[in-house]
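With full-length UniProt numbering, letter number 407 in the sequence shown gets 407, and the count goes up by one each step, no holes.
Idealized CB from N, CA, C, for every residue including glycine.
Some notes on the structure that comes next.
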Amino acid sequence: MSGASIAPDAGAAAYAGRDDGTPPAAPSQQPLADDIRLLGRLLGEVIREQEGDEAYTLVEQVRQLAVAFRRDDDAQADQTLKNLLQSLPGIMLVCVVRAFTYFSLLANLAEDRHYIRRRVARERGGDVQEGSIEAMMGRLRAAGVAADRIARTLADSHVSPVLTAHPTEVQRKSILDAQRAIAQLLTERDDIRGHGVAGAADAVLARELDANAAQLRGRIIQLWTTRLLRMSRLTVADEIENALSYYQTTFLREIPRLYASLEREMPGHAVASFLRMGQWIGGDRDGNPNVSADTLAYALKRQSEIALRHYLAEVHQLGGELSMSNYLVDVAPALQALADRSPDDSAHRRDEPYRKALSGAYARLAATLQALTGGEAAPHPVAPQPPYARAEEFLDDLKVVEASLDSHHAGALAAQRLHPLMRAASVFGFHLATVDLRQSSDKHEAVIAELLAVARVHADYASLDEAAKVDLLLRLLDDPRPLRVPGSAYSELARGELAIFEAARVMRERYGRHAIRHYIISHTETVSDLLEVLLLQKECGLMRGLLGEDARAELIVVPLFETIEDLRNATAIMRGFYALPGIFDLVHRSGAEQDIMLGYSDSNKDGGIFTSNWELYRAEVALASLFDEFAARAPIKLRMFHGRGGTVGRGGGPSYQAILAQPPGTVRGQLRLTEQGEVIASKYTNPDIGRRNLETLVAATLETTLLRTQQSAPDAFLRAAAALSDASMRAYRALVYETPGFREYFFGSTPIREIAELNIGSRPASRSGGQRIEDLRAIPWGFSWGQCRLTLPGWYGFGSAVRTFVEEAGHDAEAAWTLLRDMYRDWPFFCTLLSNLDMVLAKSDLALASRYAELVTDTALRDRIFPVIEAEWHRTAQALSRITGEGERLTNNPVLARSISHRFPYLDPLHHVQVELMQRYREGRGDAVVKTGIHISINGIAAGLRNSG
1 MSGASIAPDA GAAAYAGRDD GTPPAAPSQQ PLADDIRLLG RLLGEVIREQ EGDEAYTLVE
61 QVRQLAVAFR RDDDAQADQT LKNLLQSLPG IMLVCVVRAF TYFSLLANLA EDRHYIRRRV
121 ARERGGDVQE GSIEAMMGRL RAAGVAADRI ARTLADSHVS PVLTAHPTEV QRKSILDAQR
181 AIAQLLTERD DIRGHGVAGA ADAVLARELD ANAAQLRGRI IQLWTTRLLR MSRLTVADEI
241 ENALSYYQTT FLREIPRLYA SLEREMPGHA VASFLRMGQW IGGDRDGNPN VSADTLAYAL
301 KRQSEIALRH YLAEVHQLGG ELSMSNYLVD VAPALQALAD RSPDDSAHRR DEPYRKALSG
361 AYARLAATLQ ALTGGEAAPH PVAPQPPYAR AEEFLDDLKV VEASLDSHHA GALAAQRLHP
421 LMRAASVFGF HLATVDLRQS SDKHEAVIAE LLAVARVHAD YASLDEAAKV DLLLRLLDDP
481 RPLRVPGSAY SELARGELAI FEAARVMRER YGRHAIRHYI ISHTETVSDL LEVLLLQKEC
541 GLMRGLLGED ARAELIVVPL FETIEDLRNA TAIMRGFYAL PGIFDLVHRS GAEQDIMLGY
601 SDSNKDGGIF TSNWELYRAE VALASLFDEF AARAPIKLRM FHGRGGTVGR GGGPSYQAIL
661 AQPPGTVRGQ LRLTEQGEVI ASKYTNPDIG RRNLETLVAA TLETTLLRTQ QSAPDAFLRA
721 AAALSDASMR AYRALVYETP GFREYFFGST PIREIAELNI GSRPASRSGG QRIEDLRAIP
781 WGFSWGQCRL TLPGWYGFGS AVRTFVEEAG HDAEAAWTLL RDMYRDWPFF CTLLSNLDMV
841 LAKSDLALAS RYAELVTDTA LRDRIFPVIE AEWHRTAQAL SRITGEGERL TNNPVLARSI
901 SHRFPYLDPL HHVQVELMQR YREGRGDAVV KTGIHISING IAAGLRNSG
């Protein structure tokens, strides 16, 4: 992303390379330079107008000093900047923070627009982009994969991005709406420039561009004068509403367009609805006491309302478009019957069967909206009708319309609105997205123990060993009698957990079976953890028996293996679970699907970046092999659910490459992965970019399923990875868990305390409320390191691992380096991991990190730990360069390299101001203004980094 000053004149100079050392824009990048220069100028004008010349000048002064600090390592500029910031009142610091935060938001919009612009230009030039549907289909055709095989694979596939909440990302809808309006104006500006002609029209073109700039200025005024933050602590309802905004702007329309792209590539073949959305918000209770049965019900009610109102609007528009008269055209008998059943008896429409049929569908949808959500349709239906019982009934009515059009030479009318609506109804149903339920295994054990004690089945379930627990749970699962004793008093925990299961049963009955399908068990460590959730399902009517022919479980019990130890035990746990009497047949009768969630975040916090990835790789291979064994008895689909975060340290990085790097034979058309943090906003705020990101998930899943061989990596690669993992984990744990004072250093040098104390988000930063590294949730752990620009979880330990690996090779050191280079060239797993290390190192900044280290009040501790981190950073960078052969970071990713080189000089001021604000807060000078400034700075830095969540 290009950078420009807030100030108009300096901004132009900066972008041109005359102020911050960045190179001039290449011709292909000039439109981006123009957009950022324009947005920077307009923002500067707004700041000067709204805040005065003093504020405007201050913002520019801070920018220039920060640039000097970065570009020249200027000690005088560093001290001058510190003195300046220390002298400013809090209100002025907040003004600076707001200025650079808004610039980050605007620059992101410009970069997104340029991405779309370049993609369109490449496609029109015949250059199909990697990861697109077109490129994927081209590769499959070149490999001789027939369209009917692709269609069969899709019919057996399940791909689902799952949106999850994040403590710092949720922006107010007013801010999101303003950003979307600016994005639309940038699109219109491209249209104006594209339609311009030479000669007399130049004056007209200039006027149109000026008018567009005036509208942009108005929207920037709206942004500047709209409160960035909520006045009260974020609630689960806030998080739900934020997520729903992406369905309204992106998913409801762009997912049908993605399917249309597949249909164009496979004419004559039906494309099954394999891509569906998932959601954690409202159902994820792990560590979040604010999630309850009520939030689950609210989430699904609001989701249903969003889906139904979309259908109502589309049916209303469709009725206006299908105005054919039966005086002029014939219709299919089924369509006529649908029209005859319609309550629309207007004389104006008596000869318009399509309109009458759609009026009837609209009336039934309106009744469905009322029944499921209590909402009223606008406009009101012509007359009351019975609601649809299921989304499939609505889809059947649309199919009648489609069939009539097709059979009477009017099929072309279906493409614009009817087909997307039919696909939306198929994908989103009346539930919009599948809401996952999640809770920690220790909570389930506590509830089971209480139920058994009150029922006098066992006085102390928790004291039983694992074998005794399993025996007791199996016996109870096949006992039709409930455990609850009427009239008995149960704890708040037991009542709340049971209420979730009860609500899940009701929600599935109300919104359809896809509304809730998965129950995720955090900290799955034993077989009994899985059986306990089955027993809770049985207690609430979601499971019927265990050994009988009619035994069924409504929810897929999904173990979440998070820590290194959990991942190593995953296969043994699943083998033990399926070996129990009745379990295999129960799963097979219940749909023959088994999701297994793999936690990137906690495994990284536990063992470091390389070991986390390696143990995930090993666990996937072993689990796939286990389920291949089961196939001899009966097939059960194994679906890996990847718990990825925004940062590389939490499994982040480009999704396309990550999926292609999965072990051979572990995808097989089945994939779920979490999307959270700034990643959701950067991927899905813009509809075009949203569709592109969804395409990469589909393309990578199909390519991995249909093109990748089942052959494992060479043994030499696997042995080397195991050795690197052992050495990397030792180095990582030596720092994080074995270095005296490291916890104090972490809490002193990062904003983790502020994230925890300022109530950013609806979920506590620590599971236990304490300050042990082990108890911290992985999101604030990784996020805090990103804020101080060390990004430590994304690279620490790799440099030491390579050094140990080469040293242990002794005289064969050069052969060891050659092996590592071969692994990088020929093994997608290793190549992708190193590519992500490359990215995270490029986004780190030791100079800025040293500023945060100054916040550690114990200077001896700071002087002992920061040099250790710094030395490992250099070891990792050097190892990476020697393996890849690239001396500079991001040599193979010039787009990101250019983005970083231009963007980061204008992100630096936010860091400098954040350090000053944190210093004041920790010294007890944390008034409301300082707290606001810290919160805005956290959001601004996250927005600038774009994948820090």
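Inter-residue CB distance, residue i and residue j (contact presumed, cutoff 8 Å)
i, j, result
"L252", "A424", "6 Å"
"L365", "F394", "7 Å"
"P687", "T249", "6 Å"
"Y388", "T368", "5 Å"
"I583", "Y745", "Not really, about 47 Å apart at Cβ, beyond 8 Å."
"K469", "T373", "Actually they are not in contact, since the Cβ atoms of K469 and T373 sit about 42 Å apart, beyond 8 Å."
"V94", "G933", "4 Å"
"G643", "T674", "5 Å"
CA-to-CA distance, residue j to residue i, given in whole angstroms
i, j, result
"S762", "D238", "Per-residue confidence for S762 stands at a pLDDT of 49, beneath the threshold of 50, marking its modelled position as unreliable; the derived number appears in the next sentence. Rounded to the nearest angstrom, the two C-alpha atoms are 9 Å apart."
"G90", "V913", "10 Å"
"A200", "A206", "The pLDDT assigned to A200 is 47, lower than 50, so where the model puts this residue is not dependable; a value taken from the coordinates is nonetheless given after this. Each residue's alpha carbon lies about 11 Å from the other."
"E352", "L322", "8 Å"
"R41", "L176", "21 Å"
"H114", "I659", "26 Å"
"I306", "P420", "16 Å"
"I556", "R438", "12 Å"
"M231", "G748", "27 Å"
"G548", "F641", "30 Å"
"V587", "K443", "24 Å"
"R219", "R925", "35 Å"
"L917", "D294", "38 Å"
"D74", "L39", "29 Å"
"F627", "Y824", "30 Å"
"T22", "A897", "Residue placement at T22 cannot be trusted, given a pLDDT of 49 that sits under 50; what the coordinates show is reported in the next sentence. If you take the alpha carbons of T22 and A897, they lie about 11 Å apart."
"A634", "L531", "21 Å"
"T666", "A631", "14 Å"
"E870", "I752", "20 Å"
"Q385", "V400", "19 Å"
"G282", "A243", "11 Å"
"L163", "T225", "30 Å"
Residue range of the alpha helix (DSSP H) that includes residue i
i, result
"L316", "Before going on, a small fix: residue 316 reads as His here, not Leu. Counting along the chain, the alpha helix (DSSP H) containing H316 begins and ends at A293 to E321."
"L560", "That residue, L560, is in no alpha helix (DSSP H); its beta strand (DSSP E) goes I556 to F561."
"L105", "G90 to R124"
"I869", "T859 to T884"
"P31", "Q30 to E51"
"I500", "E492 to Y511"
"T368", "P353 to T373"
"W614", "I609 to A631"
"Q537", "V527 to E539"
"H588", "I583 to R589"
"Q86", "A75 to S87"
"R149", "A147 to A155"
"S937", "A928 to L945"
Extent of the continuous beta strand (DSSP E) run through residue i
i, result
"V331", "Unbroken run through V331: none, as it is neither H nor E."
"L598", "E593 to G599"
"P905", "P905 -> no beta strand (DSSP E), and no H or E assigned at all."
"Y519", "H518 to S522"
"S160", "H158 to L163"
Proximity test, residue i beta-carbon vs the ligand GTP heavy atom, cut-off 7 Å
i, result
"R903", "With respect to the ligand GTP, the structure shown offers nothing to examine, as it has no ligands at all."
Report the residue ranges of all beta strand (DSSP E) runs contained in full by the stretch 643-728; include only those spanning at least 3 residues, in chain order. The qualifying runs are 670-675.
Report the residue ranges of all beta strand (DSSP E) runs contained in full by the stretch 383-466; include only those spanning at least 3 residues, in chain order. 437-440
Within the chosen definition, does the stretch 476-495 reach the stretch 511-525 through at least 3 CB pairs nearer than 8 Å? no
Count Cβ pairs between the stretch 791-799 and the stretch 837-846 that sit closer than 8 Å; are there 3 or more? With a cut-off of 8 Å, the stretch 837-846 and the stretch 791-799 count as touching, because enough Cβ pairs lie within range.
Which complete alpha helix (DSSP H) runs does the stretch 767-816 hold, if anything under 4 residues is left out? Counting whole runs of 4 or more residues, the stretch 767-816 contains the alpha helix (DSSP H) stretches 778-787 and 798-808.
Three or more C-beta pairs below 8 Å linking the stretch 570-584 and the stretch 697-708: no
Should the stretch 606-623 be called in touch with the stretch 558-573, which here means at least 3 C-beta pairs below 8 Å? With contact defined as three or more Cβ pairs closer than 8 Å, the stretch 606-623 and the stretch 558-573 are in contact.
Give a yes or no on contact between the stretch 148-164 and the stretch 264-279, applying the rule of three or more CB pairs nearer than 8 Å. As far as the Cβ criterion goes, the stretch 148-164 touches the stretch 264-279, which means the pair count is three or higher.
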